[in-house]
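Undergrad:
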Amino acid sequence: MELLLGMVILMAISGGAAGEFVTPSEMNKAHDWISHRFLEKNVRELPFSFKYGGKASCEILDQWECTAKTSKLDEARRKHTITYRSPDTALDVTIVIVEYTDFPTVEWTIYLKNCGKSDTPIIENLCPLDAKLPGKDGSDFVLHHNVGSICQKNDYQPLSDIIAPNTTRRITTSGGRSSNSDLPYFNIQCGDEGVILAIGWPGQWAAEFMRDGSNVLRIVAGQELTHFVLHPGEEVRTPLIVLQFWEGDRLRSQNIWRRWMLAHNLPHPYGKQVQPHLAGCSSHQFGEMVHADTASQKLFIDRYLEEQIRLDYWWMDAGWYVNESGWPNTGTWEVDTKRFPGGLRPISDHAHSKGVKIIVWFEPERVTPGTWLYTQHPEWLLGADGGQKLLNLGDPHALKWLIEHIDELIVREGIDLYRNDFNIDPLPYWRENDPENRQGITEIKYVQGFLAFWDELRRRHPDMLIDTCASGGRRNDIETLRRSVPLHRSDYILEPIGQQCHTYGIASWIPFYGSGVNHFDAYGFRSVMCPAMNACYDVRRTDSDYDSLRRLIGEWRMIAPYLLGDYYPLTDYSTETDVWMGWQFYRPDLGEGVVQAFRRPTSPYESARFLLRGLDANAKYEVWNLDTNRRTITEAEKLMQEGLLVEMKNKPDSVTIIYKRQGEAKESHR
Numbered sequence: 007m008e009l010l011l012g013m014v015i016l017m018a019i020s021g022g023a024a025g026e027f028v029t030p031s032e033m034n035k036a037h038d039w040i041s042h043r044f045l046e047k048n049v050r051e052l053p054f055s056f057k058y059g060g061k062a063s064c065e066i067l068d069q070w071e072c073t074a075k076t077s078k079l080d081e082a083r084r085k086h087t088i089t090y091r092s093p094d095t096a097l098d099v100t101i102v103i104v105e106y107t108d109f110p111t112v113e114w115t116i117y118l119k120n121c122g123k124s125d126t127p128i129i130e131n132l133c134p135l136d137a138k139l140p141g142k143d144g145s146d147f148v149l150h151h152n153v154g155s156i157c158q159k160n161d162y163q164p165l166s167d168i169i170a171p172n173t174t175r176r177i178t179t180s181g182g183r184s185s186n187s188d189l190p191y192f193n194i195q196c197g198d199e200g201v202i203l204a205i206g207w208p209g210q211w212a213a214e215f216m217r218d219g220s221n222v223l224r225i226v227a228g229q230e231l232t233h234f235v236l237h238p239g240e241e242v243r244t245p246l247i248v249l250q251f252w253e254g255d256r257l258r259s260q261n262i263w264r265r266w267m268l269a270h271n272l273p274h275p276y277g278k279q280v281q282p283h284l285a286g287c288s289s290h291q292f293g294e295m296v297h298a299d300t301a302s303q304k305l306f307i308d309r310y311l312e313e314q315i316r317l318d319y320w321w322m323d324a325g326w327y328v329n330e331s332g333w334p335n336t337g338t339w340e341v342d343t344k345r346f347p348g349g350l351r352p353i354s355d356h357a358h359s360k361g362v363k364i365i366v367w368f369e370p371e372r373v374t375p376g377t378w379l380y381t382q383h384p385e386w387l388l389g390a391d392g393g394q395k396l397l398n399l400g401d402p403h404a405l406k407w408l409i410e411h412i413d414e415l416i417v418r419e420g421i422d423l424y425r426n427d428f429n430i431d432p433l434p435y436w437r438e439n440d441p442e443n444r445q446g447i448t449e450i451k452y453v454q455g456f457l458a459f460w461d462e463l464r465r466r467h468p469d470m471l472i473d474t475c476a477s478g479g480r481r482n483d484i485e486t487l488r489r490s491v492p493l494h495r496s497d498y499i500l501e502p503i504g505q506q507c508h509t510y511g512i513a514s515w516i517p518f519y520g521s522g523v524n525h526f527d528a529y530g531f532r533s534v535m536c537p538a539m540n541a542c543y544d545v546r547r548t549d550s551d552y553d554s555l556r557r558l559i560g561e562w563r564m565i566a567p568y569l570l571g572d573y574y575p576l577t578d579y580s581t582e583t584d585v586w587m588g589w590q591f592y593r594p595d596l597g598e599g600v601v602q603a604f605r606r607p608t609s610p611y612e613s614a615r616f617l618l619r620g621l622d623a624n625a626k627y628e629v630w631n632l633d634t635n636r637r638t639i640t641e642a643e644k645l646m647q648e649g650l651l652v653e654m655k656n657k658p659d660s661v662t663i664i665y666k667r668q669g670e671a672k673e674s675h676r
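Residue numbering for the sequence shown is 7 to 676, as defined by my numbering.
See below:
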């Protein structure tokens with residue numbers, strides 16, 4: 007039996023920026039949003055809202071003094087700064103807007119500062135996004151969104167909801183970690199156009215999508231709870247709001263997003279785009295690092311290299327520090343010199359001498375009883391005595407200590423990549439610390455401190471990557487991802503179908519991500535292939551199938567650059583065992599890409615046709631099946647209209663197919 011799989015092919019769209027992938031009409035939509043919603047005199051509907059002293063912002067801001075200025079950030083960005091000042095209480099409300107000249111993207115953050123000498127009236131229901139989107143006649147509003155990272159097979163599952171007339175869809179994260187239950191990324195579609203929304207807030211965000219009886223959708227988004235006064239001189243910020251406008255094909259819109267993420271958001275160590283890498287670890291052999299020592303780490307590094315497995319990083323996870331009861335006993339951030347005489351530096355030096363960099367795990371925000379922070383600085387901690395507590399990053403003294411101490415460890419121990427875990431839901435700690443007239447303030451100050459912490463580490467170590475973990479992928483909002491990459495996208499690891507599903511969902515939003523692998527077979531290994539890989543093998547064994555492993559790692563290195571290209575799902579999403587799953591990555595700048603397909607264990611289908619996307623319609627492509635080593639030359643139109651035939655006889659099975667344009671690369675939009 008054969009499956010015909012793929013997405014509907016739309017008309018080609020010509021146009022301007024971002025490699026001629028973005029249309030002038032899309033660019034105009036973003037520019038018009040800024041002009042009509044922010045910059046014009048007597049703006050009728052500002053795209054944010056709050057209450058101040060019981061009065062709605064839309065009723066009072068036109069009575070406040072307003073100043074505006076525009077400046078150039080760089081060749082691709084302009085900054086617009088608008089400040090409203092209350093005539094009675096000296097509250098400044100400043101909106102900082104960034105306009106992109108190469109993408110149809112606008113973003114803004116709102117800052118509130120008490121410039122007076124007494125407390126402000128209550129500021130509440132502070133929503134950095136509160137705007138109405140007109141629909142198109144005859145078209146429904148469809149909200150596309152994703153499950154967060156919940157340590158399940160369906161982490162990052164794509165979801166779609168029709169917002170019917172007179173209905174509301176409310177989505178929040180849970181527990182205060184920004185991608186804990188749901189991702190803070192949305193694509194709102196109405197017919198053949200739409201807008202992408204991202205909420206940048208490593209805290210408790212909420213978003214509501216409300217449709218009235220007509221074809222108008224109101225979107226309200228921001229921090230879930232705000233009800234506070236500001237003290238004299240005090241300043242706070244809101245979540246970052248990002249909107250990206252699109253027309254035509256929704257899958258194309260997700261690739262505009264991916265390109266924008268790569269160009270303007272992901273960290274650029276050494277001034278270059280972050281590149282795929284392979285790490286190795288001994289976490290599965292030594293209880294993370296709890297039972298590891300200096301000799302074991304050197305041995306594992308040497309054994310990988312002896313087997314001709316080139317590592318970019320050696321990964322030392324939880325448990326290298328002083329602890330009494332295992333790796334969760336965090337709060338004393340000093341190397342356990344009983345197991346690691348001389349600290350981690352001897353391991354780092356050993357790795358560096360062989361061309362391998364070092365990843366080291368930290369979890370500074372969670373503090374457990376009996377540790378140094380718990381006993382020496384209880385004034386820095388949030389939470390009840392006797393249980394685990396939260397290091398209050400909103401406390402300037404705690405923040406200063408943390409920056410200096412972590413920086414000292416990075417330098418002293420020779421750490422190349424700082425890995426930050428976060429295995430605690432902070433929301434109850436934040437809210438229990440807030441008085442009635444300061445609800446939301448602890449969270450805001452914490453978020454501001456957290457971002458300042460990472461910003462300072464990056465300032466001191468501009469070429470160092472930061473890994474955001476948070477129980478595997480639970481703090482992946484855009485503010486966090488501007489400073490880090492998620493090398494461990496989920497704590498649900500290794501199982502092939504779950505790994506396939508994770509890639510299927512996360513790749514639409516987050517171009518760079520990682521996971522661990524311990525498979526020697528092609529189906530298992532390929533199911534995990536990510537831009538960042540962590541090898542979890544027991545290399546003390548000399549009887550393992552290292553020939554297969556070397557071949558699979560070589561295949562991964564061959565296709566890894568394609569994983570940063572455009573992404574097209576080629577099948578429906580499913581966690582079932584009786585289906586195929588597949589996708590396509592394409593690098594238009596290279597004219598090259600890869601198709602990965604998986605036949606799951608109980609699928610009755612032996613073949614499928616995949617309709618490829620984005621190819622140069624006038625070109626021919628060499629299609630290379632890595633499993634059969636067969637190469638053919640095929641017209642792009644045939645690949646996009648009739649499909650690429652893929653056959654797999656085994657259950658389960660997988661295939662990797664590389665395709666390369668013959669001649670000069672050009673870009674298509676379909």
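Where a beta carbon is used, it is the ideal one built from N, C-alpha and C, also for glycine.
Taking G228 and N186 to be in contact with their CB atoms under 8 Å, please state how far apart those CB atoms are, rounded to whole angstroms.
TA: Numbered from its first residue, the sequence shown carries residue 228 at position 222. Numbered from its first residue, the sequence shown carries residue 186 at position 180. No, G228 and N186 are not in contact; Cβ-Cβ is about 17 Å, not under 8 Å.
Undergrad: In this structure, how does DSSP classify R437 when only helix, strand and coil are distinguished?
TA: Counting from one through the sequence shown, the residue named residue 437 turns up at place 431. R437 falls in the helix class under three-state DSSP.
Undergrad: So what's H356 in DSSP terms, helix, strand or just coil?
TA: As a position in the sequence shown, residue 356 is number 350, starting the count at 1. Helix, per DSSP.
Undergrad: Between the C-alpha atoms of W630 and R83, what's the straight-line distance to the nearest angstrom?
TA: In the sequence shown, the residue the question calls residue 630 occupies position 624. In the sequence shown, the residue the question calls residue 83 occupies position 77. Roughly 41 Å separates the two Cα atoms.
Undergrad: For G206, which beta-bridge partners are listed by DSSP?
TA: Along the sequence shown, one-based indexing puts residue 206 at 200. Paired residues: L246.
Undergrad: Beta carbon of P517, beta carbon of L570: below 8 Å?
TA: Translated into positions along the sequence shown, residue 517 becomes position 511. Translated into positions along the sequence shown, residue 570 becomes position 564. Against a cut-off of 8 Å, the Cβ pair of L570 and P517 comes out as a contact.
Undergrad: Could you have a look at C507 and say whether DSSP puts it in helix, strand or coil?
TA: Residue 507 sits at position 501 when you count from the first residue of the sequence shown. Of the three classes helix, strand and coil, the one that applies to C507 here is helix, per DSSP.
Undergrad: Which whole-angstrom value describes the C-beta separation of Y665 and E628, a residue pair presumed to lie in contact below a C-beta threshold of 8 Å?
TA: In the sequence shown, residue 665 corresponds to position 659, counting from 1. In the sequence shown, residue 628 corresponds to position 622, counting from 1. Contact flag correct, Cβ pair sits at about 7 Å.
Undergrad: Any chance you could list the beta strand (DSSP E) runs of at least 3 consecutive residues sitting entirely within the segment 398 to 455, in chain order?
TA: Within the segment 398 to 455, the complete beta strand (DSSP E) runs of at least 3 residues are 423 to 426.
Undergrad: Hey, R91 and E71 are a contact pair by Cβ (cut 8 Å); roughly how many whole angstroms apart?
TA: In the sequence shown, counting from the first residue as 1, residue 91 sits at position 85. In the sequence shown, counting from the first residue as 1, residue 71 sits at position 65. Going by Cβ atoms, the distance from R91 to E71 rounds to 5 Å, so yes, they are a contact pair.
Undergrad: Evaluate contact between the segment 602 to 610 and the segment 637 to 657, counting only Cβ atoms and requiring at least three cross-stretch pairs below 8 Å.
TA: Flag = yes, the segment 602 to 610 and the segment 637 to 657 touch.
Undergrad: Look at the alpha carbon of T577 and the alpha carbon of K644, and state the distance between them as a whole number of angstroms.
TA: Start at 1 with the first residue of the sequence shown, and residue 577 comes out as number 571. Start at 1 with the first residue of the sequence shown, and residue 644 comes out as number 638. Roughly 18 Å between the two C-alpha positions.
Undergrad: Spell out the partners DSSP gives V601 in its beta bridges.
TA: Indexing the sequence shown from 1 puts residue 601 at position 595. Paired residues: Q590, I663.
Undergrad: What is the C-beta distance between I484 and N271, in whole angstroms, given that I count them as a contact (C-beta under 8 Å)?
TA: For the purposes of this step, residue 484 is identified with residue 478 of the sequence shown, where counting begins at 1. For the purposes of this step, residue 271 is identified with residue 265 of the sequence shown, where counting begins at 1. Their Cβ separation, rounded to whole angstroms, is 7 Å, which keeps I484 and N271 in contact under 8 Å.
Undergrad: Assuming C157 and D497 form a contact by the criterion Cβ under 8 Å, report the distance between their Cβ atoms to the nearest whole angstrom.
TA: Along the sequence shown, one-based indexing puts residue 157 at 151. Along the sequence shown, one-based indexing puts residue 497 at 491. The pair is a contact, with the Cβ atoms about 4 Å apart (cut-off 8 Å).
Undergrad: Is it the case that the Cβ atoms of S288 and R481 are separated by a distance below 8 Å?
TA: Indexing the sequence shown from 1 puts residue 288 at position 282. Indexing the sequence shown from 1 puts residue 481 at position 475. Against a cut-off of 8 Å, the Cβ pair of R481 and S288 comes out as no contact.
Undergrad: Taking C-beta to C-beta, are V1 and L350 nearer than 8 Å?
TA: Beyond the ends of the chain as shown, which are 7 and 676, falls residue 1; an answer cannot be given.
Undergrad: Which stretch, first to last residue, makes up the beta strand (DSSP E) that contains E310?
TA: As a working note, residue 310 is residue 304 in the sequence shown. Going by the sequence as given, residue 310 is Tyr instead of Glu. No beta strand (DSSP E) contains Y310, which is instead part of the alpha helix (DSSP H) from 300 to 312.
Undergrad: What are the start and end residues of the beta strand (DSSP E) that includes D553?
TA: Within the sequence shown, residue 553 is the residue found at index 547, counting from 1. Counting along the chain, D553 falls outside any beta strand (DSSP E), though it belongs to the alpha helix (DSSP H) covering 552 to 565.
Undergrad: Does the segment 463 to 477 touch the segment 160 to 178, meaning 3 or more C-beta pairs lie closer than 8 Å?
TA: Taking 8 Å as the limit for Cβ pairs, the verdict is that the segment 463 to 477 does not touch the segment 160 to 178.
Undergrad: Ignore the nearest five residues each way along the sequence and tell me which others in S514's own chain have a CB closer than 6 Å to its CB.
TA: Indexing the sequence shown from 1 puts residue 514 at position 508. So the qualifying residues of the chain are Q260.
Undergrad: Compute the Euclidean distance between the alpha carbons of G530 and H233, then round it to the nearest angstrom.
TA: Counted from its first residue, the sequence shown places residue 530 at position 524. Counted from its first residue, the sequence shown places residue 233 at position 227. Computed Cα separation, rounded: 50 Å.
Undergrad: At a cut of 8 Å, does the segment 302 to 312 reach the segment 586 to 601 through at least three beta carbon pairs?
TA: Cβ pair count under 8 Å is below three, so no.
Undergrad: Inspect the CB distances between the segment 315 to 333 and the segment 249 to 265 and report whether three or more fall short of 8 Å.
TA: Flag = no, the segment 315 to 333 and the segment 249 to 265 do not touch.
Undergrad: Is the beta carbon of H151 closer than 8 Å to that of D125?
TA: The residue you call residue 125 lines up with position 119 of the sequence shown. The residue you call residue 151 lines up with position 145 of the sequence shown. No, these two residues do not count as a Cβ contact at 8 Å.
Undergrad: Quick check on the burial criterion: 16 or more other C-beta atoms within 10 angstroms. Buried or exposed for P537?
TA: Residue numbering aside, residue 537 sits at position 531 when the sequence shown is read from its first letter. Its Cβ being crowded by 16 or more others within 10 Å, P537 is buried.
Undergrad: Alpha carbon to alpha carbon, what distance is there between G197 and P140?
TA: Numbered from 1 along the sequence shown, position 134 holds the residue referred to as residue 140. Numbered from 1 along the sequence shown, position 191 holds the residue referred to as residue 197. Going from the Cα of P140 to the Cα of G197 covers about 12 Å.
Undergrad: Using 10 angstroms around the beta-carbon of P53, count the other beta-carbons present and answer buried if the total reaches 16, otherwise exposed.
TA: For this step, residue 53 is matched to residue 47 along the sequence shown. Its Cβ being crowded by 16 or more others within 10 Å, P53 is buried.
Undergrad: Just checking: is the beta-carbon of Y574 within a distance shorter than 8 Å of some beta-carbon in chain D?
TA: Going by chain labels, chain D is absent from the structure shown, which holds only one protein chain.
Undergrad: What do you get for M564, buried or exposed, if any count of 16 or more other CB atoms within 10 angstroms of its CB means buried?
TA: Position 558 of the sequence shown, counting from 1, holds the residue named residue 564. Per the 10 Å Cβ criterion, exposed.
Undergrad: Are the Cβ atoms of I202 and I247 separated by less than 8 Å?
TA: By one-based count along the sequence shown, residue 202 stands at place 196. By one-based count along the sequence shown, residue 247 stands at place 241. No, the Cβ-Cβ distance between I202 and I247 is not below 8 Å.
Undergrad: Assign A213 to one of three DSSP states: helix, strand, or coil.
TA: The count along the sequence shown starts at 1 and reaches residue 213 at position 207. Strand at A213.
Undergrad: Enumerate in chain order the residues of its own chain whose CB-to-CB distance from H383 is below 6 Å, with the five nearest sequence positions on each side excluded.
TA: Counting from one through the sequence shown, the residue named residue 383 turns up at place 377. No residues qualify anywhere along the chain.
Undergrad: Going by DSSP in three states, F251 sits in which element: helix, strand or coil?
TA: For this step, residue 251 is matched to residue 245 along the sequence shown. In this structure, F251 counts as strand in the three-state DSSP scheme.
Undergrad: Sorted by chain position, which residues of the same chain lie with C-beta nearer than 6 Å to A74's C-beta, five sequence neighbours on each side aside?
TA: In the sequence shown, counting from the first residue as 1, residue 74 sits at position 68. Contacts found: I88.
Undergrad: Just the Cα atoms here: how many angstroms apart are D572 and V99?
TA: Your numbering for residue 572 matches position 566 in the sequence shown. Your numbering for residue 99 matches position 93 in the sequence shown. In a straight line, the C-alpha of D572 is about 39 Å away from that of V99.
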